[in-house]
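**Q** Sequence positions in the sequence shown follow our numbering and run 11 to 114. What follows is a structure written as structure tokens; I'll ask about it next.
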Amino acid sequence: IVKASYAPDVTVAEIARKYHVGLSTLIKWRKYALEGSLMSVKDNTPPASASEVKKLKKEVQQLQKLLGKKSLQIEILREAVELAREKKLISQQSFPWEDDIASD
Numbered sequence: 011i012v013k014a015s016y017a018p019d020v021t022v023a024e025i026a027r028k029y030h031v032g033l034s035t036l037i038k039w040r041k042y043a044l045e046g047s048l049m050s051v052k053d054n055t056p057p058a059s060a061s062e063v064k065k066l067k068k069e070v071q072q073l074q075k076l077l078g079k080k081s082l083q084i085e086i087l088r089e090a091v092e093l094a095r096e097k098k099l100i101s102q103q104s105f106p107w108e109d110d111i112a113s114d
């Protein structure tokens, strides 16, 4: 819609009417487009900047790495508990936390 509003053979008002968008809304969208911060039509939030996307991707990678470490720790602890039970070093009763993570 914004791109169409820059066509030389039509006015901004004509494009607004064609797409059933308020003229002031289309003018606002054009302003945002020129500023490089066109808002999301769905929820009126500005898109993430490239630096923000890069930062968030890095954070996701760090969290995935941490999740991997924690999953490995859980597996090691499960094996340690199983081994300790086999050697009768600990009770055969389950620990409360085992029920919480039994399905992992």
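For glycine and all other residues, C-beta sits at the position ideal for the given N, C-alpha and C. Keep in mind the model is a prediction, meaning the values are calculated, not measured.
Just the C-alpha distance for A17 and G46, rounded to the nearest angstrom, thanks.
**A** Approximately 19 angstroms, taken between the alpha carbons.
**Q** Could you pull the start and end residues of the alpha helix (DSSP H) that L99 belongs to?
**A** Taken as a continuous stretch (DSSP letters only), L99 belongs to no alpha helix (DSSP H), as it is neither H nor E.
**Q** Buried or exposed: S15, going by 16 or more other Cβ atoms within 10 Å of its Cβ?
**A** Classification for S15: buried.
**Q** Return yes when the Cβ of I86 is within less than 8 angstroms of the Cβ of A94, no when it is not.
**A** No, they are not a contact pair.
**Q** Count the other CB atoms, across all protein chains shown, that sit within 10 Å of the CB of I25; report buried if there are 16 or more and exposed otherwise.
**A** I25 is buried by the Cβ-count criterion.
**Q** For L44, count neighbouring Cβ atoms within 10 angstroms of its own Cβ and tell me buried if that reaches 16, exposed if not.
**A** Answer is exposed; the Cβ neighbour count stays below 16.
**Q** Under a three-way DSSP split, which group does K13 fall into?
**A** The answer is coil: DSSP assigns K13 none of H, G, I, E or B.
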